[in-house]
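**Q** Quick one: the structure is below, questions incoming.
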Amino acid sequence: MAKEKKKITQELGVNDQTPREIVAELDKYIVGQDEAKKSVAIALRNRWRSHKLPDEMRDDVIPKNILMIGSTGVGKTEIARRLARLVKAPFIKVEATKFTEVGYVGRDVESIIRDLAQTAVRMVRKQRTEEVKEKAAANAIERLLDVLVPEPKRSQNPLGKLFGNAEVDAPPPEEEDTSKKHGREFIRKRLLAGKMEEQVIELEVADHAKPMVGMFSGSSLEGMGDNLQDMVSSLMPKRMRKRKVTVATARKILEQEEAEKLIDMEEVSETAVELAERSGIVFLDEIDKVAVKGSSSGPDVSREGVQRDILPIVEGSTVMTKYGPVKTDYILFIAAGAFHTAKPSDLIPELQGRFPIRVELKSLLKADFEKILTEPQNALLKQYKALLQTEGLELEFQADAIEHIAELAEHVNEQSEDIGARRLHTLLEKLLEQISFEAPDMVKDGKTEVVIDAAYVDERLKDIAKNKDLSQFIL
Ligand SMILES: Nc1ncnc2c1ncn2[C@@H]1O[C@H](COP(=O)(O)OP(=O)(O)OP(=O)(O)O)[C@@H](O)[C@H]1O
Ligand SMILES: [Mg+2]
Numbered sequence: 012m013a014k015e016k017k018k019i020t021q022e023l024g025v026n027d028q029t030p031r032e033i034v035a036e037l038d039k040y041i042v043g044q045d046e047a048k049k050s051v052a053i054a055l056r057n058r059w060r061s062h063k064l065p066d067e068m069r070d071d072v073i074p075k076n077i078l079m080i081g082s083t084g085v086g087k088t089e090i091a092r093r094l095a096r097l098v099k100a101p102f103i104k105v106e107a108t109k110f111t112e113v114g115y116v117g118r119d120v121e122s123i124i125r126d127l128a129q130t131a132v133r134m135v136r137k138q139r140t141e142e143v144k145e146k147a148a149a150n151a152i153e154r155l156l157d158v159l160v161p162e163p164k165r166s167q168n169p170l171g172k173l174f175g176n177a178e179v180d181a182p183p184p185e186e187e188d189t190s191k192k193h194g195r196e197f198i199r200k201r202l203l204a205g206k207m208e209e210q211v212i213e214l215e216v217a218d219h220a221k222p223m224v225g226m227f228s229g230s231s232l233e234g235m236g237d238n239l240q241d242m243v244s245s246l247m248p249k250r251m252r253k254r255k256v257t258v259a260t261a262r263k264i265l266e267q268e269e270a271e272k273l274i275d276m277e278e279v280s281e282t283a284v285e286l287a288e289r290s291g292i293v294f295l296d297e298i299d300k301v302a303v304k305g306s307s308s309g310p311d312v313s314r315e316g317v318q319r320d321i322l323p324i325v326e327g328s329t330v331m332t333k334y335g336p337v338k339t340d341y342i343l344f345i346a347a348g349a350f351h352t353a354k355p356s357d358l359i360p361e362l363q364g365r366f367p368i369r370v371e372l373k374s375l376l377k378a379d380f381e382k383i384l385t386e387p388q389n390a391l392l393k394q395y396k397a398l399l400q401t402e403g404l405e406l407e408f409q410a411d412a413i414e415h416i417a418e419l420a421e422h423v424n425e426q427s428e429d430i431g432a433r434r435l436h437t438l439l440e441k442l443l444e445q446i447s448f449e450a451p452d453m454v455k456d457g458k459t460e461v462v463i464d465a466a467y468v469d470e471r472l473k474d475i476a477k478n479k480d481l482s483q484f485i486l
């Protein structure tokens, strides 16, 4: 058993991509910021390395947490988002601002670990479902057949017996069996050949609606509330209800039910907790928002409190979850913040010390903007093009237009506030406002192509971009 668990942790929890491959993957979506990509990739690879170590040494290798620093809109959250899809480990991203000190109303930081465990459970369950898929499908077919070819009711008529004509009512046992079998086999063939998918049958399904939910929601004992809710709903008899569904839908429902029966949820919980402990990654976004200089009163007290609450989790402690206690020692934490007003040194010292790797994300300039507009998969311009294509309108951006947009983005960021690549969104919205509005009419009038050149960009944006007061409001 223990051996099997290891195996799954290996294949679920750890990427075997090399740092270079991870960076290449991130490169598809994020322009520049090589340093941040690199350190994230190294951290992931270190996970892989430590899994290869002998047990007694592995226990001493704790992950080196990362602090990403960079002004707003330069790709911090975007890196986290892409990373989440890349890693095969349980990954969650949370905003530090969401939490309040224990004792205040709001989420307590331990819920981060509870959520991580939940994510891990979902992953392991998915994997297990995959493993029992064939068996579940076969069982589902049998149950479908039970519905489609019901057991013929034996004559229970007491009067029949009384008058001694029972044999007339029911065929002799062997004969009945073979005919039923024929019926069942016949239907099975049709079913497997997919000839009955559209047929509507009546299926008895468990009613998943939980009438008691309202009672516990909003409870401040959050984790507790979850457990109670589960307890209550497992205590209540499962309500069944009849639903009319097609065979195709019924099969899906039954496959799911059968898979659930085949999966050992206790084993899933155990494996998941181990997975979360060994491979979990927590992305703590907006960490700068809970950093404060000096100790003052008011809301700041609570912010410093949040840091103090985060500390034991980052440092290594044990959090109770409904799947069991989760040790946080080996969870990798990546924190990110703009640190516009606060500095990393404004974090409480103990917390600073727990993020030994610092990476800075660079401010974005014209050349970056040009690439962001065009290069990433689903880059902004590709998005706008695709959107207008649905109207039947082909949008073409000339190179000089793209360059000009990038230039304006840099300019506006300089003279008002630097909001990084988000500036491109505001600029493009403004630039394409008119076309967006008129597109259906244009197509109706036979105009199916629009070329955007530098002159058009100038015409739509120059005045606003050059006028500081205007751009502050509009862009
Ligand atoms: N380097 C980049 N390459 C490609 N797209 C980027 C880059 N930087 C930012 N973007 C885009 O800009 C938008 C905002 O970026 P993101 O959410 O990562 O900002 P952030 O650094 O987390 O800022 P904040 O500090 O405000 O949270 C996203 O749509 C993202 O795709
Ligand atoms: Mg962000």
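12 is the number of the first residue of the sequence shown in this note's numbering; add one for each residue after it.
Ideal placement from N, C-alpha and C gives every residue a C-beta, glycine not left out.
The model shown is predicted, which means the values in this text are computed figures rather than measured ones.
Under the rule that 16 or more other beta-carbon atoms within 10 Å means buried, what is Phe408, buried or exposed?
**A** The residue labelled residue 408 in the question sits at position 397 within the sequence shown. Its Cβ being crowded by 16 or more others within 10 Å, Phe408 is buried.
**Q** Hey, would you say the C-beta of Thr332 is under 7 Å away from at least one heavy atom of ligand 3?
**A** Summarising the ligand content, the structure contains ligand 1 and ligand 2 and does not contain ligand 3.
**Q** Alpha carbon to alpha carbon, what distance is there between Leu214 and Met251?
**A** Indexing the sequence shown from 1 puts residue 251 at position 240. Indexing the sequence shown from 1 puts residue 214 at position 203. Cα to Cα, the separation comes out at about 10 Å.
**Q** Among Gln426, Val330, Glu46, Leu439, which one has its Cα closest to the Cα of Asp480?
**A** Locating residue 480 in the sequence shown gives position 469, counting from the first residue. The residue with the shortest Cα to Cα distance from Asp480 is Gln426.
**Q** Please confirm if Gly364 has its CB atom under 8 Å from at least one CB of chain B.
**A** Looking at the structure shown, chain B is missing, and only one protein chain is on hand.
**Q** Pull up the CB-CB distance for Met68 and Ile345, whole angstroms please, since I reckon it's below 8 Å.
**A** Your numbering for residue 68 matches position 57 in the sequence shown. Your numbering for residue 345 matches position 334 in the sequence shown. Not really, about 24 Å apart at Cβ, beyond 8 Å.
**Q** What's the call for Gln44, buried or exposed, on a 16-neighbour Cβ count within 10 Å?
**A** As a position in the sequence shown, residue 44 is number 33, starting the count at 1. Label assigned to Gln44: buried.
**Q** Can Glu449 be considered in contact with ligand 1, in the sense that its beta carbon sits closer than 7 Å to one or more heavy atoms?
**A** Residue numbering aside, residue 449 sits at position 438 when the sequence shown is read from its first letter. No; taking the cut-off as 7 Å, the Cβ of Glu449 has no heavy atom of ligand 1 nearer than that.
**Q** For Val126, which beta-bridge partners are listed by DSSP?
**A** For the purposes of this step, residue 126 is taken as residue 115 along the sequence shown, with counting starting at 1. Looking at the sequence shown, residue 126 is not Val but Asp. Paired residue(s): none; Asp126 is not in a bridge.
**Q** Hey, is Asp429 close to ligand 2, as in C-beta under 7 Å from one of its heavy atoms?
**A** Along the sequence shown, read from residue 1 onward, the residue named residue 429 stands at position 418. Ligand 2 never approaches Asp429 closely enough for any of its heavy atoms to be under 7 Å from the residue's Cβ.
**Q** Look at the Cβ atom of Pro387, then the Cβ atom of Lys39, and state whether they are nearer than 8 Å.
**A** Reading the sequence shown from its first residue, position 376 is the one you call residue 387. Reading the sequence shown from its first residue, position 28 is the one you call residue 39. Taking 8 Å as the Cβ cut-off, Pro387 and Lys39 qualify as a contacting pair.
**Q** So, at 7 Å on beta carbons, what are the nonlocal neighbours of Leu404 in its own chain, with the 5 sequence-adjacent residues on each side left out?
**A** What you label residue 404 is simply residue 393 of the sequence shown in a count that begins at 1. Closer than 7 Å at the Cβ level, and outside the excluded window around Leu404, lie Ala450, Met453, Val454, Thr459, Val461.
**Q** For Ser230 and Lys249, what's the separation of their Cα atoms in angstroms?
**A** Here the question's residue 230 lines up with position 219 in the sequence shown. Here the question's residue 249 lines up with position 238 in the sequence shown. Annotation note: pLDDT 43 at Ser230 (below 50); position unreliable, coordinate value reported separately. Each residue's Cα considered, the two are about 25 Å apart.
**Q** Any residue with its Cβ nearer than 7 Å to a heavy atom of ligand 2 should be included. What is that list in chain order?
**A** Lys87, Thr88, Asp296, Glu297, Ala347
**Q** Would Thr401 be called buried (16 or more neighbouring beta carbons within 10 Å of its own) or exposed?
**A** Mapped onto the sequence shown, residue 401 falls at position 390. Thr401 should be labelled exposed.
**Q** Tell me the DSSP secondary structure of Val468 in three-state form.
**A** Position 457 of the sequence shown, counting from 1, holds the residue named residue 468. Reduced to three states, the DSSP call for Val468 is helix.
**Q** Got a sec: does ligand 1 put a non-hydrogen atom nearer than 7 Å to the Cβ of Gln426?
**A** Counted from its first residue, the sequence shown places residue 426 at position 415. No, since every heavy atom of ligand 1 falls outside the 7 Å radius drawn around the Cβ of Gln426.
**Q** Can you list, in chain order, the stretches of the beta strand (DSSP E) that have 3 or more residues and sit fully within the stretch 397-421?
**A** 405-408
**Q** Applying the 10 Å Cβ sphere with the 16-neighbour rule, what's the burial state of Ala397?
**A** Here residue 397 refers to the residue found at position 386 of the sequence shown. Classification of Ala397: exposed, given that the 10 Å Cβ count is below 16.
**Q** What number of angstroms, rounded off, separates the C-alpha of Val423 from the C-alpha of Glu297?
**A** The sequence position of residue 423 within the sequence shown is 412, counting from 1. The sequence position of residue 297 within the sequence shown is 286, counting from 1. Distance between the alpha carbons of Val423 and Glu297 is about 24 Å.
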